[in-house]
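Okay, structure first, notes after.
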Amino acid sequence: MSLPETDSTWIINGTDGPSASFGGINFDGWKGRDRNANQIQADLQNRVADVEGSSIFAFQLASLPGSVGGLPVQMVLRSPLGYPVLFDTMEEIKQQARESGLFVVVDSDLDYNNPVVQITIDRAKANTLGIRMQDIGESLSLLVGEHYINRFGMDGRSYDVIPQSIRQQRLTPAALAGHYIRTQDNLLIPLSTVVNITTQVEPNKLTQFNQQNAAIFQAIPAPGVTMGQAVAFLENVANSLPAGFSHDWQSDARQFTQEGNTLVFAFIAALIIIYLVLAAQYESLVDPLIILITVPLSICGALVPLALGMVTLNIYTQIGLVTLIGLISKHGILMVEFANELQVHKNLNRREAIIEAAKIRLRPVLMTTAAMVIGLIPLLFASGAGANSRYGLGLIIVSGMLVGTLFTLFVLPTMYSFLARNHQVSAQTERQKQLQQISEQ
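The sequence shown begins at 1 in this note's numbering and counts up by one.
The structure is reproduced here in structure tokens:
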């Protein structure tokens, strides 16, 4: 099995136990391959899914720094209960995740696949036969302990001295029971006389998270499934667990849950700053509100590609949404500023002023939108490294500008005619004051 886009490969064995490995594939440059990373990942996952007796997952590294690595969706299940209960609960979560259809790969780091030989000493029988616990411990340590007892030098090098029985005598539990131990009466007694050797299965690892027993659920979302959908599903599953269980997040899911809501604060902060600047410029609290009335409408247009699954809500699309606030506000500034001047200098009422301003400012508004949209067209057809980020940023701004401009031409004049301050009356009052001052002089 080979991939034509492969430049080099590497692998690290024993990363998460003796039967686990972690490897990577370095691709050729964009000019040397026809498929992108998502297409190659899907092809590779389909190939390795048929390998019997193994679980192989293909995933990409995080596009932004800050992730701990591993599969993108990782939920930590915590409980003060024992690992058997934790394992059964994790298996139920994995089953629900498979049935949901939201994930192409479902796994966890907790599994009972580690065979362990347990030796139980019959203390009463050992005491009857005159065998000390110390002798049994020293015999077992000498047989299989692999403890260092000394060093010796040879050819200028130092080597450890590790006493141990020969390999054939320690391969199976039955072979261990065949060893002999000496009693206080200098008699040789089979080790199986005083010990009971059993084989049982234990967890492959005992994970602790915040001083509690833990198991990590790991998954790769299916194509078209966003991180928000995956996290929301697992949140519902975790909240339905019985008392004694809690959960946390790792990898990209942790980054999403911790920083995913920052867009709301950034968006509100941008609106407040722009509103305050406009309020100081116009010396009015109403005119900035009219200018910003088209911002929610343009944001609705920008959210259409997100709803259709064309892009996902990530750091790049969030930047596009915040940028859209300033871009769409320019249209309102052009129209409101000119309408206010018409009220003052041409003695027009609000309705007449905004209609005239919309006619005169139509070309600048359309040219501003056209210049921005045409300038972002290369981002929509971007290819190569970073194409996904450029495409998402460009698509959000283009769709938001088009929809926002359309609403600016119709909604903003209507809101201005109802909410704007009557500058005509203010101008007449000011002129009357000036004429009165002149007449008094």
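A virtual CB, placed ideally from N, CA and C, is assigned to each residue, including glycine.
Quick caveat, the model's predicted, so the values are computed rather than measured.
Ranking Gln-258, Asn-340, Ala-243 and Val-237 by CA distance to the CA of Ser-284 puts Asn-340 first.
Taking 8 Å as the upper bound for CB-CB distance, Ile-293 and Val-411 are in contact here, some 7 Å apart.
The shortest CA-to-CA distance from His-331 to any of Leu-44, Asn-114, Lys-359 and Glu-352 is the one to Lys-359. For Asp-248, DSSP records a beta bridge to Val-76.
By DSSP's assignment, Met-154 forms a beta bridge with Arg-157. By the Cβ neighbour-count rule, Ala-353 is buried, with 16 or more other Cβ atoms within 10 Å of its own. Within the model, the alpha-carbon separation for Ile-166 versus Thr-257 is close to 55 Å. The criterion of a C-beta distance shorter than 8 Å is not satisfied by Leu-376 and Val-403. Contact holds between the region 77-92 and the region 106-113, because three or more Cβ pairs, one in each stretch, are under 8 Å apart. Contact between Arg-170 and Leu-143 holds, with the beta-carbon distance rounding to 6 Å and staying under 8 Å. The residue among Arg-151, Leu-289 and Ile-299 with its C-alpha nearest the C-alpha of Leu-327 is Ile-299. In this structure, DSSP gives Thr-6 an extended state, which the three-state scheme calls strand. Distance check between Thr-323 and each of Met-372, Leu-278 and Glu-337 places Met-372 closest, using alpha-carbon atoms only.
Each of Val-311, Arg-157 and Ile-333 was checked against the Cα of Gln-281, and the nearest Cα belongs to Ile-333. Burial of Ile-131 is indicated by the presence of at least 16 other C-beta atoms within 10 angstroms of its C-beta. Residue Gly-392 holds the alpha-carbon nearest to the alpha-carbon of Ile-319 among Pro-4, Gly-392 and Ile-197. Annotation: Val-304 is outside any beta strand (DSSP E); the continuous alpha helix (DSSP H) that includes it extends over 295-307. As DSSP reads the structure, Arg-182 sits in a beta bridge with Leu-188. In this structure, Tyr-416 lies near Val-336, with their beta-carbon atoms less than 8 Å apart. If you check the CB distance, Ile-40 and Glu-5 come in under 8 Å. Per DSSP, Ser-19 is not a residue of any beta strand (DSSP E), being assigned neither H nor E.
Around the CB of Met-227, 16 or more other CB atoms lie within 10 Å, so the residue is classed as buried.
Approximately 7 Å separates the beta-carbon atoms of Asp-248 and Phe-209; this is inside 8 Å, confirming the contact. Only buried fits Gln-255, as 16 or more other CB atoms lie within 10 angstroms of its CB. A residue is called buried when at least 16 other Cβ atoms come within 10 angstroms of its Cβ; Met-75 meets this threshold and is buried. Around the beta carbon of Phe-152, fewer than 16 other beta carbons sit within 10 angstroms, so the residue counts as exposed. Linking Phe-267 to Ala-307 through their CA atoms gives a straight-line distance of about 19 Å. Within its own chain, the residues whose Cβ lies closer than 7 Å to the Cβ of Ile-197, once the five positions on either side in sequence are excluded, are Val-117, Ile-119, Pro-173, Leu-176 and Ala-177, listed in chain order.
For Thr-207, the enclosing beta strand (DSSP E) covers residues 207-209. For the set Leu-419, Phe-407, Pro-84 and Val-195, the Cα lying nearest the Cα of Thr-207 is the one of Pro-84.
In terms of Cβ geometry, Phe-103 and Ala-214 do not form a close pair [threshold 8 Å]. Ranked by Cα distance from Val-286, the first of Pro-163, Gln-212, Tyr-180 and Arg-421 is Arg-421.
The beta carbons of Leu-129 and Thr-183 sit closer together than 8 Å.
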